[in-house]
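Numbering (the numbering used here), first residue to last: 203 to 283.
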């Protein structure tokens, strides 16, 4: 459930500046293919775009996190808030 909704006790603000061509392309590919193996790469791209949110970056980089379509980070990148 945390993959889809995130932590309800720690709301995250997503800056539109982090929605770059690179982050959007990575997120769209994962969303369409349902292969979320590139989540750590998405974290790097979001960080390169200026993101310093520990919640977002840790969510993407957590090797034990199971990601599914509807992942809150992917949805934020794609503007599906």
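Here a beta-carbon is modelled for each residue, glycine too, at the ideal position from N, C-alpha and C.
{"Query": "Of the choices 237, 254, 256, whose alpha-carbon is the least far from that of residue 273?", "Result": "237"}
{"Query": "Near residue 258, which residues of its chain fall below 7 Å by C-beta distance, leaving aside the five closest residues on each side in sequence?", "Result": "214, 248, 275"}
{"Query": "Would DSSP call residue 279 helix, strand or coil?", "Result": "helix"}
{"Query": "Report the option in 235, 244, 239 whose CA atom is closest to the CA atom of residue 220.", "Result": "244"}
{"Query": "Locate the alpha helix (DSSP H) running through residue 262, then write down its first and last residues.", "Result": "256-263"}
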